[in-house]
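Asks: Sequential numbering of the sequence shown, starting at 1030, is according to the working numbering.
Each residue gets a CB set at the ideal place from its N, CA and C atoms; glycine is no exception.
All values derive from a computational prediction rather than experimental measurement.
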Amino acid sequence: MIRKLNQRLAFNFWYLRKPPWDTRVTPPEVKAFANQHPPGRALDLGCGTGTNMIYLAERGWETVGVDYAPKAIRAAKRRIKDSAYNAHFFVDDVTKLNKVVGRFDLILDMGCYHNLGEGEKDSYIKNLIRYLAPGGYYLLYVFFRSTDKSPGPGAIEADLTRISDYFHIHSREDGLERETRPSAWLTFQNQKT
């Protein structure tokens, strides 16, 4: 609980300035997905200032973004204030998702899952199962810890195996974050009908 509170404070502190992860640029993986799939409902877990949900909303998607940094959500709401986009943003915890309703054709996570603690990851995955529509896709970007026993944020291969126990790995593209840390983009699909 103390770790989570400290983490929330740190993330909110980052939004007093511009966090390094808030580039306001939609990555090519999200653009490619949008170009290959018809609009539907999308949920962004850890949406920050809403860049990716706004991008999808511009293309006809109904979008929902959640983040536990109130400053980020306020910025996202300001960005869509005078638009006609079907985009909604909420302060919420990805391990609880108290404000989210319905199923989603796309769930996106660009750096939230790899910051969760072990017990939190189980709750997070239960929410994926609950909210990802049959046939829906889950796009996940993670960076990896240097070793499975290293402290701090970062995914390990066992985390990806845990998710693949419920969803089919459709694709995986390994790379480097900031040219130093191993990372991966993964696309999972809920093959239940």
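#1: Report yes if the CB atom of V1130 is closer than 8 Å to the CB atom of D1096, and no otherwise.
#2: On the DSSP bridge assignment, give the partners of G1094 in chain order.
#3: So, are the CB atoms of Y1160 and F1133 less than 8 Å apart?
#4: State buried or exposed for N1127, treating a residue as buried only when at least 16 other CB atoms are found within 10 Å of its CB.
#5: Return the first residue and the last residue of the alpha helix (DSSP H) that Y1084 is part of.
#6: Report the rounded CA-to-CA distance for S1200 versus H1143, giving the unit in angstroms.
#7: I think T1078 touches D1051, with their Cβ atoms under 8 Å apart; what is that distance to the nearest whole Å?
#8: Measuring only the C-alpha atoms, how far is D1138 from H1066?
#9: Could you check how far apart the C-beta atoms of I1192 and F1217 are, in whole angstroms? I think they sit under 8 Å.
#10: So Q1218 is in the beta strand (DSSP E); what residue range does that whole segment cover?
Replies: Result, derived from the coordinates:
#1: Taking the first residue of the sequence shown as position 1, residue 1130 is located at position 101. Taking the first residue of the sequence shown as position 1, residue 1096 is located at position 67. Against a cut-off of 8 Å, the Cβ pair of D1096 and V1130 comes out as no contact.
#2: Residue numbering aside, residue 1094 sits at position 65 when the sequence shown is read from its first letter. D1073 and F1118.
#3: In the sequence shown, residue 1160 corresponds to position 131, counting from 1. In the sequence shown, residue 1133 corresponds to position 104, counting from 1. Yes, these two residues count as a Cβ contact at 8 Å.
#4: One-based indexing of the sequence shown puts residue 1127 at position 98. Burial call: exposed.
#5: Along the sequence shown, one-based indexing puts residue 1084 at 55. Its alpha helix (DSSP H) spans residues T1080 to E1087.
#6: The residue given as residue 1200 occupies position 171 in the sequence shown. The residue given as residue 1143 occupies position 114 in the sequence shown. S1200 and H1143: Cα-Cα distance of roughly 18 Å.
#7: Working through the sequence shown from its first residue, we reach residue 1078 at position 49. Working through the sequence shown from its first residue, we reach residue 1051 at position 22. With 8 Å as the limit, T1078 and D1051 qualify as a contact, their Cβ atoms being about 6 Å apart.
#8: As a position in the sequence shown, residue 1138 is number 109, starting the count at 1. As a position in the sequence shown, residue 1066 is number 37, starting the count at 1. Near 18 Å, if we compare the C-alpha coordinates of H1066 and D1138.
#9: As a first step, residue 1192 is located in the sequence shown; it is residue number 163 there, counting from the start. As a first step, residue 1217 is located in the sequence shown; it is residue number 188 there, counting from the start. I1192 to F1217, Cβ: 6 Å. Contact.
#10: As a first step, residue 1218 must be located in the sequence shown, where it is residue number 189. Note, Q1218: beta strand (DSSP E), R1210 to Q1218.
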